[in-house]
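Asks:
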Amino acid sequence: MKSIVMLALLAVAVADKRPLTTYGAPGPAPSHGHQGPQIAIIRDDRVHPDAQGLYSLNLETEDGIVRQESGGPGGSQQGSVSFTFPDGQVFDLKFVADAAGYQPQSSFLPVAPEFPHPIPQFVLDQIAFAAQEDAARARGEVRSPSPSYGAPSK
């Protein structure tokens, strides 16, 4: 009986404690914006589309970023972008975007292998083997696959 009373008192004492967590205002959210120094824009020449649809854009920043773009009727655009990587390499990209699609040009872009590229020998062997099978099937020397499992018949 004493142990039941002690357990009841202990349960009341534990239940009386206030929770350790609080529901106050949250802390400041982390900033994901630019944390470095402000970069000045040296040149910002923009000609907004006129009645014929012609426009141009010329931007240059003090850290060496240069962007030029112009466009005309029908949605055709051409331009360039250049900047310097932290290791000193200069990135240069020229582009044309018209009815034929977006066509970038830069020494930094990967180049697809020339086509037609040489066909590996194992592929040529497989093609020859398939041709032999087709010829044998046409002569009736090769049976079609069986729809059920079992020992092959002779």
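The sequence shown runs -15 to -1, 1 to 139 under mature numbering (1 follows the signal peptide of the UniProt record, and there is no 0). Ideal Cβ placement from N, Cα and C applies to all residues, glycine included. Note that the structure is a prediction, hence the values are computed from the model and not measured.
Assign Pro58 to one of three DSSP states: helix, strand, or coil.
Replies: helix
Asks: Could you have a look at Ala120 and say whether DSSP puts it in helix, strand or coil?
Replies: helix
Asks: Would you please state the rounded distance, in angstroms, between the beta carbons of Leu44 and Ile26? I believe it to be under 8 Å.
Replies: Contact check for Leu44 and Ile26: beta-carbon distance about 7 Å, within the 8 Å limit, so the pair qualifies.
Asks: Enumerate in chain order the residues of its own chain whose CB-to-CB distance from Ala14 is below 8 Å, with the five nearest sequence positions on each side excluded.
Replies: none
Asks: Alpha carbon to alpha carbon, how far is Ile24 from Gly18? Give it in angstroms, no decimals.
Replies: Gly18 and Ile24 have their C-alpha atoms some 14 Å from each other.
Asks: Does DSSP put Ile(-12) in a helix, a strand or coil?
Replies: helix
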